[in-house]
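Below: one structure, written as structure tokens.
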Amino acid sequence: PSAPSSRSRMVTGPPPRGGWPVTIRERLEGAEGVPERHIHLVSGAMATSGATVRRWHRDGSTQHHIIDPRTGRPGNSAWTLVTTFHDSCLVADTMATAAWLLDAPAPLWLAGRGIGARLVREDGSEVLVGDLTRWLAGTV
43 PSAPSSRSRM VTGPPPRGGW PVTIRERLEG AEGVPERHIH LVSGAMATSG
93 ATVRRWHRDG STQHHIIDPR TGRPGNSAWT LVTTFHDSCL VADTMATAAW
143 LLDAPAPLWL AGRGIGARLV REDGSEVLVG DLTRWLAGTV
């Protein structure tokens, strides 16, 4: 179990029939009516990265928590959210943030590393990477 303020959850053991139910909240700050995504994780781990919620204003510009190591400043991305799937939680988490920062080349970069992913653009359109049935029951 994690602390009440954490957005992470970890479980061990075999998944229940149909997989572990997981909800991905894709809300933008202040946006109402943005749907949640419900999936069932049957193996491995998943992680989601994006700058839709942990944001603030400073000196007239919007800031967020994902710092681009190339600039030392909050990064920019074509992706609203990146959710990755892998056998390792550490790998899934690292790859989700790296892919968000990589911007448009992210899908090919993830595919070349065998990482399953769902990347969501600001307009709500999606790019799926890899055979997600390895980790999920049903569809994304």
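For the sequence shown, our numbering gives the first residue as 43, with consecutive numbering after it.
A virtual CB, placed ideally from N, CA and C, is assigned to each residue, including glycine.
Kindly indicate which residue of the options has the alpha-carbon position closest to the one of residue i.
i, options, result
"E168", "G156, T125, G154, M88", "T125"
"D173", "V162, R155, R163, E164", "R155"
"A89", "L132, A146, H106, L178", "L132"
"H80", "G60, R115, D110", "G60"
"L178", "V64, H82, E78, I66", "H82"
"S119", "V64, S130, A140", "A140"
"A159", "V171, L150, A148", "V171"
Count the other CB atoms within 10 Å of the CB of residue i; is the residue buried (16 or more) or exposed (fewer)?
i, result
"T104", "exposed"
"H99", "exposed"
"A134", "buried"
"H107", "exposed"
"S130", "exposed"
"L150", "exposed"
What's the C-alpha gap between residue i and residue j?
i, j, result
"P56", "G102", "49 angstroms"
"D110", "D165", "23 angstroms"
"I66", "E78", "6 angstroms"
"L144", "F127", "17 angstroms"
"L152", "P58", "28 angstroms"
Going by beta carbon distance, what residues of the same chain come within less than 6 angstroms of residue i, once the five residues before and after it are set aside?
i, result
"W121", "W142, L161"
"A93", "H106, I108"
"V64", "I81, L83"
"G117", "I108, D110, L143"
Leaving out the 5 sequence neighbours to the left and right, which residues in its chain are closer than 7 angstroms to residue i when beta-carbon positions are compared?
i, result
"P113", "This sequence places Thr at residue 113; Pro is not what is there. There are no such residues."
Leaving aside the five residues before and after residue i along the sequence, list all residues of the same chain whose C-beta is less than 8 angstroms from its C-beta, in chain order.
i, result
"W62", "V53, H82, L83, V84"
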